[in-house]
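Student: Protein sequence lines, in the order shown, are assigned to chains A and B. Using the numbering used here, the letters of the first sequence map in sequence onto residues 39 to 314. Using the numbering used here, the letters of the second sequence map in sequence onto residues 187 to 576. Backbone N, C-alpha and C fix where the C-beta goes; we use that ideal spot for every residue, glycine too. Bear in mind that the values here come from a model prediction, so they are computed numbers and not experimental data.
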Amino acid sequence: MSMNRRQFLKIAGASTLLGLGGASALNALRGGELEASHVLTDEKALNAKRWAMVIDVSKFRTEEDYKRLTKACHSIHNVPDFGNPKDEIKWIWTDTYEHTFPSQPNEYIEEGIKNKPFVLLCNHCANPPCVRVCPTKATFKRKDGIVMMDQHRCIGCRFCMAACPFGARSFNYKDPRLALKKEEENREYPTRTIGVVEKCTFCFERLAKGLVPACVEASREAAKAAGGEPGMYFGDLDDPASEVRKILSTRYTIRRKPELGTDPSVFYVIGGEKNA
Amino acid sequence: MLEKALTGSRRYWTWVFFLLAMVGVGFVNYLYQFKNGLGITGMSRDVSWGLYIGQFTFLVGVAASAVMLVIPYYLHDFKKFGKIVILGEFLAVAAVTMCISFIFVDLGQPMRVLNVILHPTPNSILFWDMIVLNGYLFLNIVIGWMTLSSDRKGIKPPAWIKPLIYLSIPWAFSIHTVTAFLYAGLPGRHFWLSAIMAARFLASAFAGGPALLILLALIVRKLTKFDPGKEPIQAVGKIVTYAMIANVFFLGLEFFTAFYSQIPGHMHPFVYLYAGLEGHGKLVPLMWASSILAVVSLVLLIFPSLRRQEGILAAACVALFVSLWIDKGFGLVVGGFIPNPFEGIMEYWPTTRETLIALGVWALGFLVLTLLYKITVTVREETAGIEIEH
């Protein structure tokens, strides 16, 4: 069978199209099967309907206990330290009772609580205002309740920083890579650029590998070394059998600024003995 | 018509090159900011918006104020505004240009700005602000240009321009309402979380914008052969007076709610701005200057016998414009961030580079304004004595 030039080009063109884009186009048309997050999931991955954290302040004793948390978090996430409060970037830090719970002031509160440092981080609100205001969906809520931050989509408008009532967000006012020490750099965590917002992500990258957040692990290690109980618990708020739910059902816990309706997922046990 | 901006007196070119130089200085400093980040500004983790966003907010008001000329002329058939309505529309074009530029220079990752269109997010007020601002810019360019070119040819403008003019009226209200919503819907920022915010924005806009317009009209009359007329300027003066009274009244409402309720979160930003909080009071002198200027302008404006003297009217407009610029272009944005969510205080003051960049954007706006007004004035001079109804 002979074919002329025109027929040849037709067949060649059609088969190229089918080969290049045809297969995937057909798949997409079949519907429902193509997802943006088509990645292999680790069998060990930790899953939840709504991740939550309980922080038992009474379990923290020394300054070292707190520093350990921040160091664990900031080192694995390559959080730059510019050494001044203006350009500061922090994912997890401490502050006083008065600053942590400004809507519950009490000047006569027990001295122990008044001077106690409270651990602060993103609340991973169920109704997050930062997600509501973001013009590019660079910050979004995942199915497991984590309020995520895509530092590669963020345009740096800082609307989320104005919207967050908890001061959980930091902006890269300077090039974050300049403040990293080569030898301390975690090469497994993606780098980010200048001019984007960042915050705690509940260690989504560790959860995917079956590990608890770095701060929780650090508090467990500290407890093991001191022979006590850890000050941080992490689990599924939707699961009545989870560790966090057990604490919530037996201890008096409070959240930061609950009156704003953001529904924070971080709870604080601030005093009293167990089952008090 | 564009060619009319290319011929002019020595004074015209000196002014144009002066503005170009200012734009150049701003641009060089912007390149520095582009390379080194927003860390070169006075903004911080706590005060994450500053001079840029303040200017943006203030200028949205200036842009919206064009409607104060459009409504009387097109809806109430107030013929005397026939000559100056174009000045309002072109002022809006220049103001929106500045607004968009201020948003741009405030972005941490400006090269990603198209993400706003690539990933449209209707639940974000910023998304709507982009739509209304660009729409308003487009409307005013088209309306201004079409009516002016029709005037030049001595014909009536095309019929399709009328619906656009009517659309521009609610659109003007929308740009400032949406801008107020950027602030008024944020939980935990007590200073901004106020239902009167949009109304207050509009009131201050309809005072500040027309005040600037009066000054521009007086300058145009002084420098060119085009006379916008005594009566229209007086009529705008009346609008400025009413709007400023409403603005001060609305501000008073904010004070009442904060201080009668005695809710600390609501009082703190006001205390910080007007008296200083815990020893921090960088903005106190500015806010008092704003208040005093507001009172001075009101006294000069409220009495018709004073207002009717153009020199006094001009002085009142300068006082009013500066007062509102401080209040809205600076205090409003910074005050919302102080105290911070932990009730701590981190103060803000713009750096030199930041100020030069802001001045560069203002110069860019005035350059656009100068070119558009030059064209308008030349057309008006050529067609003096001929009235075309729009």
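To the nearest angstrom, report how far apart Met383(B) and Ser310(B) are at their CA atoms.
Tutor: The straight-line gap from Cα to Cα measures roughly 18 Å.
Student: I'd like the span of the alpha helix (DSSP H) that includes Asp315(B), first residue to last.
Tutor: Ile311 to Lys339 is the extent of the alpha helix (DSSP H) around Asp315(B).
Student: Please report whether the beta-carbon of Phe139(A) lies at a distance below 7 Å from any beta-carbon of chain B.
Tutor: For Phe139(A), the answer is no, since every Cβ of chain B falls outside 7 Å of its Cβ.
Student: Ala314(A) to Trp129(A), Cα distance in whole Å?
Tutor: For Ala314(A), the predicted structure reports a pLDDT of 39, less than 50, and the residue's modelled location is therefore unreliable. A value from the coordinates is still provided. About 32 Å.
Student: Do you know offhand how far Pro203(A)'s Cα is from Glu136(A)'s?
Tutor: So the two alpha carbons sit approximately 15 Å from each other.
Student: Are at least three pairs of beta-carbons, each pair with one atom in the region 212 to 231 of chain B and one in the region 244 to 254 of chain B, less than 8 Å apart?
Tutor: Too few Cβ pairs lie closer than 8 Å, so no.
Student: Select from Val547(B), Ile449(B), Met229(B) and Gly467(B) the residue whose C-alpha is nearest the C-alpha of Val209(B).
Tutor: Per the Cα distances, Val547(B).
Student: On the CB-based measure, 16 or more other CB atoms within 10 Å of its CB, does Tyr271(A) come out buried or exposed?
Tutor: Buried.
Student: Identify which residue in Gly194(A), Asn122(A), Arg283(A) and Thr108(A) has its Cα closest to the Cα of Gly223(B).
Tutor: It is Gly194(A).
Student: Between which residues of its own chain and Leu439(B) is the CB-CB distance below 7 Å, once the five residues before and five after are set aside?
Tutor: Excluding positions up to five away in sequence, the list reads Ile382.
Student: Select from Ala52(A), Ile49(A), Asp103(A) and Met91(A) the residue whose C-alpha is nearest the C-alpha of Ile285(A).
Tutor: Comparing Cα positions, the closest option is Met91(A).
Student: Would you give the residue range spanned by the beta strand (DSSP E) that Thr132(A) belongs to?
Tutor: Residues Ile130 to Asp133.
Student: Note down, in chain order, all residues in the region 185 to 219 of chain A with a beta-carbon under 8 Å from any beta-carbon belonging to chain B.
Tutor: For the region 185 to 219 of chain A, which is checked against every Cβ of chain B, the residues closer than 8 Å are Arg191, Cys192, Ile193, Gly194, Cys195, Arg196, Phe197, Met199, Ala200, Ala201, Cys202, Pro203, Phe204, Gly205, Ser208, Phe209, Asn210, Tyr211, Lys212 and Asp213.
Student: Out of Leu379(B), Ile272(B), Trp357(B) and Gly374(B), point me to the one whose CA is closest to Phe367(B)'s CA.
Tutor: The residue with the shortest Cα to Cα distance from Phe367(B) is Leu379(B).
Student: Please name the residue or residues paired with Trp89(A) in a DSSP beta bridge.
Tutor: Note: Trp89(A) sits in a beta bridge opposite Asp274(A).
Student: Would you please state the rounded distance, in angstroms, between the beta carbons of Ala544(B) and Leu237(B)? I believe it to be under 8 Å.
Tutor: Going by Cβ atoms, the distance from Ala544(B) to Leu237(B) rounds to 5 Å, so yes, they are a contact pair.
Student: Below 7 Å between beta carbons is the criterion; list the residues of the region 351 to 384 of chain B that meet it against any residue of chain A, in chain order.
Tutor: Per Cβ criterion, the list reads Leu372, Pro373, Gly374 and Arg375.
Student: In whole angstroms, what separates the C-alpha of Met187(B) from that of Phe178(A)?
Tutor: Those two C-alpha atoms are separated by around 49 Å.
Student: When we look at the beta-carbon of Met41(A) and count the other beta-carbons within 10 Å, is it buried (16 or more) or exposed?
Tutor: Exposed: under 16 other Cβ atoms inside 10 Å.
Student: What residues from chain A crowd round Glu529(B), counting only those whose CB sits closer than 8 Å?
Tutor: Ordered by position in chain A, the residues that pass the 8 Å Cβ test against Glu529(B) are Glu136, His137 and Pro140.
Student: Just the C-alpha distance for Tyr559(B) and Ala281(B), rounded to the nearest angstrom, thanks.
Tutor: One C-alpha to the other measures close to 13 Å.
Student: Whose C-beta lies closer than 6 Å to the C-beta of Asp103(A) among residues of the same chain, with five residues either side of it excluded?
Tutor: If we look at Asp103(A) and ignore the five residues flanking it on each side, its Cβ neighbours are Ala260.
Student: If we count Cβ pairs, one from each stretch, closer than 8 Å, do we get three or more for the region 107 to 127 of chain A versus the region 216 to 232 of chain A?
Tutor: Yes, since at least three Cβ pairs between the region 107 to 127 of chain A and the region 216 to 232 of chain A fall closer than 8 Å, the two stretches touch.
Student: Here's the rule I'm using: 16 or more other beta-carbon atoms within 10 Å means buried, otherwise exposed. How should Asn210(A) be labelled?
Tutor: With 16 or more Cβ atoms within 10 Å of its Cβ, Asn210(A) is classed as buried.
Student: Alpha carbon to alpha carbon, what distance is there between Thr54(A) and His112(A)?
Tutor: Approximately 50 Å between the Cα atoms of the pair.
Student: Checking 7 Å against the spacing of the C-beta atoms, do Met284(B) and Gly551(B) come in under that value?
Tutor: Yes. Within cutoff.
Student: Please classify His162(A): is it buried, with 16 or more other beta-carbons within 10 angstroms of its beta-carbon, or exposed?
Tutor: Buried, because 16 or more other Cβ atoms sit within 10 Å of the Cβ of His162(A).
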